[in-house]
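S.K.: Residue numbers (the working numbering): 12 to 202.
Here a beta-carbon is modelled for each residue, glycine too, at the ideal position from N, C-alpha and C.
Being a predicted model, the structure only gives us computed values, none of them experimental.
Below you'll find the structure I mean.
Given below as structure tokens:
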């Protein structure tokens, strides 16, 4: 592997032909060396698919790196910047895969909890009722997914809307619930 400074990485990756090919090969090897450690707490590394997953993540990261070479400001080492992109790609894909089979239709599950005191149960009951009665079905599904920690990208995709539209949908739902909360005795009795 050729030793490169920040400017050499950028220049070599912008080149055509042999220099670019060598730089891509070296960067690929660098990213593949660091990615398993970065994913240690996210993925079982003894699985058969782990190395294949890492290879896929690195390939996708290399494409992003090439598309965004102009964004590299030199505030860190080039390889550190590239690793950061690679890790973000990997974690984003892992989050999407985690919620791939998630259904937005299990809204009642988030309100089923045991061991809470009477006040908490009353509040959850009120919240569930307000969500069911006052929010649109689309708002209900989006809010339920948000309560469960589902990735915004996954929710937007499942609802068939853009991420921006999802944020607006959730914002409107939260505003409506806050207004209802403030209008009820539940809200006035809260500390």
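To which residues of the same chain is residue 97 closer than 7 Å at the C-beta, ignoring the five residues directly before and after it?
M.R.: For this step, residue 97 is matched to residue 86 along the chain shown. Answer for residue 97: 42, 46, 68, 69 and 72, listed in chain order.
S.K.: Measure the beta-carbon distance from residue 54 to residue 105 and round it to whole angstroms, keeping in mind my assumption that it falls under 8 Å.
M.R.: As a working mapping, residue 54 is identified with position 43 in the chain shown. As a working mapping, residue 105 is identified with position 94 in the chain shown. So it is a contact: roughly 7 Å between Cβ atoms.
S.K.: Just the Cα atoms here: how many angstroms apart are residue 197 and residue 131?
M.R.: Sequence index remark: in the chain shown, residue 197 carries index 186 (1-based). Sequence index remark: in the chain shown, residue 131 carries index 120 (1-based). The predicted position of residue 197 is uncertain, since its pLDDT is 49 and thus under 50; a value taken from the coordinates is nonetheless stated next. If I take the Cα positions, the gap works out to 11 Å.
S.K.: DSSP on residue 96, reduced to helix/strand/coil?
M.R.: Taking the first residue of the chain shown as position 1, residue 96 is located at position 85. It is helical.
S.K.: Quick check on the burial criterion: 16 or more other C-beta atoms within 10 angstroms. Buried or exposed for residue 174?
M.R.: By one-based count along the chain shown, residue 174 stands at place 163. With fewer than 16 Cβ atoms within 10 Å of its Cβ, residue 174 is classed as exposed.
S.K.: Counting Cβ pairs closer than 8 Å, one from the stretch 135-147 and one from the stretch 181-197, do we hit at least three?
M.R.: yes
S.K.: Quick one: grab the DSSP three-state call for residue 159.
M.R.: The residue given as residue 159 occupies position 148 in the chain shown. DSSP places residue 159 in coil when its eight states are reduced to three.
S.K.: Taking all protein chains shown into account, do 16 or more other C-beta atoms lie within 10 angstroms of the C-beta of residue 88, making it buried, or fewer, making it exposed?
M.R.: Working through the chain shown from its first residue, we reach residue 88 at position 77. Burial call: exposed.
S.K.: Rounded to whole angstroms, what is the Cα-Cα separation between residue 15 and residue 92?
M.R.: As a position in the chain shown, residue 15 is number 4, starting the count at 1. As a position in the chain shown, residue 92 is number 81, starting the count at 1. In this structure, the straight-line span from the alpha carbon of residue 15 to that of residue 92 is close to 14 Å.
S.K.: Between residue 153 and residue 170, is the Cβ-Cβ spacing less than 8 Å?
M.R.: Numbered from 1 along the chain shown, position 142 holds the residue referred to as residue 153. Numbered from 1 along the chain shown, position 159 holds the residue referred to as residue 170. A contact, by the Cβ cut-off of 8 Å.
S.K.: Candidates 64, 83, 82 and 172: which alpha carbon is nearest residue 100's?
M.R.: For this step, residue 100 is matched to residue 89 along the chain shown. Closest by alpha carbon: 64.
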